[in-house]
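Report on one structure; see the data block that follows.
Numbering (our numbering), first residue to last: 507 to 1316.
This is the structure we're talking about:
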């Protein structure tokens, strides 16, 4: 039987190749999506007690607004330990930032090593290691963080600082941070080898006064808190108790500020999908997008199976005589089904092998779509099991229907050349339905790709309220922010011929923001308005550089401290002013812990500009100048001399080295930084485009099979029509019109589904495109054009065949 199977597959090499290509593409698409989805959903699942571990986060309510913060007030951790029961571990984790680390030489005559910006550092307590499954390679977990001069290193960091030294010999060695902080290595742990947001590589003890902190008002995203709830304890009740505890200690303070705060417990696995709480150095995933990808994978595999069924049934009329002879010679129904399932299994096996190669090529070619650490956490055993599952399930589902059709062939009719009668028994209704389904899915992808592309183009080309082109961003080293050297560098940069303008200030639109509460009290009225305003610290050159317009008033004047404010239009209206001009000369006060700071005047109103991505509406913003805190150079290059930009960048780097010789020269073009805010959307667009290509390809293969079947069925009809004078174009039209009807039906089904799905996606954006009718028209034209191109190959071949060959046996 095996020899017969291979002989048949080789004899029908075109259909065999089409089947293998279609299935391999479908299986590889499922493989890639499975790797991505399983990686994202595996976050924190390798922690034995992950379902009992929660991140404590903060939600603030003020003036009808709600804000989220992953941080908590510092005193909360100690208060929970002392007053809240039912908790196994309370683990504060404070993000730490050391500028550099010196590794002293082992011998006096050798030079030590210096590592710049080591990153991934935290301050915590020893119970951090009890909560998480770290394996200790050296040192004691009990005493590793019991003194302020100790540090625990992850294995990768220990090998970086002390290469080729046994771990036990590293214990006790000295590390000097920022030239002044001397520490000694007290422990080495294995890096966590699973997908996790616990990223730290260096662990320091908490500050000695951390447990005695009393400032309940400050909430900083660097101050994280985790709790492990005891078995059988209600997390909801713990959450309620923590919020009540926090409220009791901050009631008077928040009464002065006129806002409230509550705390929530979010399981660490769920935290991976909660983008409301942004975390430094932590990768977030979008659960709806992942669920959508699962749907895409299922659809693509279904398309591949449907394509296989269509192509397989398309060959049945040509195999009718073979089947008739085999039945006459005594082959049983079971033998025929097993042969066909054997053919299907071999094709699926070859497709699975090719899909592995395609998956590897795709993974290397499209790394930017996939998370960086994905390849490090691939479970090859699971992948192998999934491959076997795909192999057997695909073989079963793809082979059963064609195998069943084989058994319905009447050997007497086929041996009497009654092939037409045999073919008529093969109902086309199911195959036509499958073609409609395939093109419906393909059209959904086409329309989705067009609309996602439009929205991304809109986000990058819409007027943002400022000019982002040819602007270079360069951050002042954090240790030098309060030094006068930045102003000296500013003056020298300003003198460069390739620099058109320069300013110091926060970028207009970014993923980071700082905000505080302001109060406006009108004189001689009862008007009292409190508002949370986003803050932009700028200098007097900022507005001209970004071509930001004033709709009322004037620019800020040079000053050595904050003396006056600019606000945007949104802030003016939110504060209760009817026009921007009405805001001029009015005083607003920044709120502090005692109530209010000094009231300062509004001297200008800036035309609204976007300060965040298009998912968010424009916030009320206050702009002021506090020179000592300005930390970002905004350098506008001469846009008419782009060919000189590289030379200008070298000049800028030369001046940077002059003032900050030990600091890395790292810059970013502002338009590229804005584009990076939509990285997830760009990845989504690429995935949709690739899925669209795969869906169209598989659909076309299925359509080709059905056209082939129809051409074979109508061979004699085509011969008669040619004898009677029919043209090639007329016969092509005859064969194509029924299939164009199927594509048009798919268009009618897909259009409302695509409209609904894309409307739901666009609803996430505060600023979005309107879906236009021409998108559906263009998708329809593309689908019809692709279908015609696919059908024309086989239709023209059938139309040009010699009618004598088809009629000689009549």
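Ideal Cβ positions, reconstructed from N, Cα and C, are used throughout, including at glycine.
Between the CA atoms of residue j and residue i - distance to the nearest angstrom
{"i": "residue 843", "j": "residue 1192", "result": "41 Å"}
{"i": "residue 1066", "j": "residue 1109", "result": "17 Å"}
{"i": "residue 581", "j": "residue 656", "result": "23 Å"}
{"i": "residue 1299", "j": "residue 965", "result": "41 Å"}
{"i": "residue 702", "j": "residue 550", "result": "5 Å"}
{"i": "residue 1057", "j": "residue 883", "result": "54 Å"}
{"i": "residue 584", "j": "residue 1126", "result": "36 Å"}
{"i": "residue 1297", "j": "residue 1012", "result": "58 Å"}
{"i": "residue 1021", "j": "residue 560", "result": "27 Å"}
{"i": "residue 779", "j": "residue 790", "result": "6 Å"}
{"i": "residue 1274", "j": "residue 643", "result": "53 Å"}
{"i": "residue 1083", "j": "residue 1071", "result": "15 Å"}
{"i": "residue 1073", "j": "residue 976", "result": "26 Å"}
{"i": "residue 688", "j": "residue 638", "result": "27 Å"}
{"i": "residue 862", "j": "residue 892", "result": "12 Å"}
{"i": "residue 524", "j": "residue 1279", "result": "35 Å"}
{"i": "residue 806", "j": "residue 903", "result": "15 Å"}
{"i": "residue 1133", "j": "residue 982", "result": "13 Å"}
{"i": "residue 574", "j": "residue 724", "result": "13 Å"}
{"i": "residue 1234", "j": "residue 1302", "result": "7 Å"}
Beta-carbon gap between residue i and residue j smaller than 8 Å
{"i": "residue 708", "j": "residue 794", "result": "no"}
{"i": "residue 1111", "j": "residue 1078", "result": "yes"}
{"i": "residue 680", "j": "residue 610", "result": "yes"}
{"i": "residue 953", "j": "residue 1208", "result": "no"}
{"i": "residue 555", "j": "residue 734", "result": "yes"}
{"i": "residue 710", "j": "residue 767", "result": "no"}
{"i": "residue 938", "j": "residue 1295", "result": "no"}
{"i": "residue 970", "j": "residue 1116", "result": "yes"}
{"i": "residue 1135", "j": "residue 1009", "result": "no"}
{"i": "residue 546", "j": "residue 796", "result": "yes"}
{"i": "residue 705", "j": "residue 788", "result": "yes"}
{"i": "residue 1161", "j": "residue 1154", "result": "no"}
{"i": "residue 1007", "j": "residue 1047", "result": "yes"}
{"i": "residue 1263", "j": "residue 947", "result": "no"}
{"i": "residue 528", "j": "residue 1204", "result": "yes"}
{"i": "residue 771", "j": "residue 562", "result": "yes"}
{"i": "residue 769", "j": "residue 756", "result": "no"}
{"i": "residue 809", "j": "residue 1252", "result": "no"}
{"i": "residue 662", "j": "residue 868", "result": "no"}
Residues of its chain near residue i, where Cβ-Cβ distance is below 7 Å and the 5 sequence neighbours each way are ignored
{"i": "residue 855", "result": "897"}
{"i": "residue 684", "result": "604, 605 and 606"}
{"i": "residue 650", "result": "632, 656, 658, 692 and 693"}
{"i": "residue 728", "result": "577, 600 and 601"}
{"i": "residue 974", "result": "1176, 1177 and 1180"}
{"i": "residue 951", "result": "1194, 1197, 1198 and 1201"}
Counterpart residues of residue i in DSSP-defined beta bridges
{"i": "residue 1082", "result": "None, per the DSSP bridge assignment."}
{"i": "residue 1025", "result": "1036 and 1095"}
{"i": "residue 747", "result": "According to DSSP, which records beta bridges pairwise, residue 747 is partnered with nothing at all."}
{"i": "residue 689", "result": "681"}
{"i": "residue 550", "result": "DSSP output for residue 550 lists no bridge partner at all."}
{"i": "residue 622", "result": "606"}
{"i": "residue 1110", "result": "1059 and 1072"}
{"i": "residue 595", "result": "734"}
{"i": "residue 729", "result": "600"}
{"i": "residue 574", "result": "565"}
{"i": "residue 886", "result": "DSSP output for residue 886 lists no bridge partner at all."}
{"i": "residue 1007", "result": "1142"}
Cβ neighbours of residue i in the same chain (closer than 6 Å, five flanking residues each side left out)
{"i": "residue 926", "result": "Here the model assigns residue 926 a pLDDT of 41, short of 50, so the residue's position is not dependable, and the following value carries that caveat. So no residue of the chain qualifies."}
{"i": "residue 901", "result": "850, 851 and 854"}
{"i": "residue 987", "result": "1137"}
{"i": "residue 923", "result": "Low confidence applies to residue 923: its pLDDT is 49, below 50, so where it sits in the model is not reliable enough to give any reading."}
{"i": "residue 1024", "result": "1037, 1039, 1094 and 1096"}
{"i": "residue 991", "result": "1165"}
{"i": "residue 1049", "result": "1061"}
{"i": "residue 594", "result": "734 and 736"}
Sequence-distant residues of its chain with Cβ nearer than 8 Å to residue i (five each side left out)
{"i": "residue 572", "result": "565 and 566"}
{"i": "residue 1159", "result": "1171"}
{"i": "residue 1187", "result": "958, 961, 962 and 965"}
{"i": "residue 1190", "result": "795 and 958"}
- Item | Ranges of the beta strand (DSSP E) found wholly within the stretch 641-679, counting only runs of at least 3 | If we require 3 residues or more, the beta strand (DSSP E) runs fully inside the stretch 641-679 come out as 642-645 and 656-660.
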